[in-house]
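Student: First residue of the sequence shown? That's 1 in our numbering, and the numbers climb one at a time after it. Quick one: the structure is below, and I'll ask about it shortly.
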Amino acid sequence: MRLFSILIILIISQNILSQQSNLSSTVNSITEYIASTHFLEIRKNNGDLASVDSIYIKALEINNNDYSETLLTLMVATVPYREVPIKLPLFNVIVNYPLISAEEDIFTKKNENLPRFFFIDTPENDYGDLDKLAHFFGSAFLSYESNIFDLGKLIGYFVEAFEESFKVQSSIDLRDLDVNEYGRFFGKLLKKDQNLLPSQIFLIRSTRYIRIIL
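Okay, here's the thing in structure tokens:
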């Protein structure tokens, strides 16, 4: 998962470099919201599905209802890492790639508050699906911005293969690919219905999962 956001950022770097300050500012604002006691109360009182929608709605407000910018900044803001260790197979050297993130104390609090139990098959541990929101919103962004062909699906498969080759994880994560697919679905539907919420897509995934295992 960890290279997912890096590759997206590299692909759209020409757009980002000209707006680096604005991107950082918006990501910080979203991060501060997730780290806030107000958001924590929303999560405690309403659960993780509703709290994901709360983050999404807040990000829309921060981005002045620009859906493309909202999906992009959500992808960056929900990545639970400040930097990514990449082991280059040719040189056998580990390189730490820094990501856009808030100050360490806010970033840490954000990770503590970040929703992670929003799928029926989420692992029953403290980590849960902490890294899946970045996958979901990143794929949604690529799908929302894709007008010629399905860039989101292509990048989703590429990233997983890239991670395996560069030793970030031992094998391709099929659940990452699955969440990418639903993120892509969200981005596609969002073009037609901007009232759509992430929780609605998460519920579709969980319903389909139940049908498969029964």
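Where is the CB? At the ideal position from N, CA and C, for every residue including glycine. Quick caveat: nothing in here was measured; it's all calculated off a predicted structure.
To the nearest angstrom, how far is it from the Cα of Leu71 to the Cα of Phe141?
Tutor: So the alpha carbons of these two residues sit roughly 5 Å apart.
Student: Between which two residues does the beta strand (DSSP E) carrying Val95 extend?
Tutor: Val93 to Pro98
Student: Hey, Ile57 and Ile30 are a contact pair by Cβ (cut 8 Å); roughly how many whole angstroms apart?
Tutor: Their Cβ separation, rounded to whole angstroms, is 11 Å, which puts Ile57 and Ile30 out of contact at 8 Å.
Student: What's the C-alpha gap between Gly47 and Lys109?
Tutor: Going from the Cα of Gly47 to the Cα of Lys109 covers about 18 Å.
Student: Starting from Ala140, follow the alpha helix (DSSP H) in both directions and report where the run begins and ends.
Tutor: Lys132 to Glu145
Student: Apart from the five residues on each side of it in sequence, which residues of its chain come closer than 8 Å, Cβ to Cβ, to Pro123?
Tutor: Asp129
Student: Could you tell me if His38 is buried or exposed, where buried requires 16 or more neighbouring beta carbons within 10 angstroms of its beta carbon?
Tutor: An exposed status is given to His38, since fewer than 16 other beta-carbon atoms sit within 10 Å of its beta-carbon.
Student: Would you tell me roughly how many angstroms separate the C-alpha atoms of Gly187 and Ser143, rounded to the nearest one?
Tutor: 5 Å
Student: Mapping the DSSP letters down to three states, classify Val84 as helix, strand or coil.
Tutor: Looking at Val84 - three-state DSSP - the assignment turns out to be strand.
Student: Does DSSP put Thr78 in a helix, in a strand, or in coil?
Tutor: coil
Student: Could you tell me which of Asn65, Arg208, Asn92 and Asn180 sits nearest to Asn195, measuring between CA atoms?
Tutor: Asn65
Student: For Ala35, I'd like the list of residues in its chain whose CB is within less than 7 Å of its CB, leaving aside the five on either flank, ordered along the chain.
Tutor: Ile106, Lys109, Lys110 and Asn113
Student: Should Leu133 go down as buried or exposed, given a rule of 16 or more other Cβ atoms within 10 Å for buried?
Tutor: buried
Student: Can you list, in chain order, the residues of its chain whose CB lies under 7 Å from that of Tyr182, leaving out five sequence neighbours each side?
Tutor: Phe136, Ile201 and Arg205
Student: So Phe91 packs on Leu49, CB below 8 Å; how close in whole Å?
Tutor: Rounded, the Cβ-Cβ distance is 44 Å, inconsistent with contact.
Student: Suppose you measure from the CA of Arg116 to the CA of Arg43; what does that come to, to the nearest Å?
Tutor: Note on geometry: alpha-carbon atoms of Arg116 and Arg43 lie some 11 Å from one another.
Student: Would you please state the rounded distance, in angstroms, between the beta carbons of Asp96 and Glu83? I believe it to be under 8 Å.
Tutor: For the record, residue 96 in the displayed sequence is Asn; it is not Asp. With 8 Å as the limit, Asn96 and Glu83 qualify as a contact, their Cβ atoms being about 5 Å apart.
Student: Can you grab the Cα-Cα spacing for the pair Leu23 / Glu145, in whole Å?
Tutor: 17 Å
Student: Provide the residue span of the alpha helix (DSSP H) that contains Pro198, from first to last.
Tutor: Pro198 to Ile213
Student: Which same chain residues end up closer than 6 Å to Ile120 when comparing Cβ atoms and leaving out the 5 residues on each side of it in sequence?
Tutor: Ser206 and Tyr209
Student: By the three-class DSSP mapping on this structure, what secondary structure does Lys110 have?
Tutor: helix
Student: Applying the 10 Å Cβ sphere with the 16-neighbour rule, what's the burial state of Asn180?
Tutor: buried
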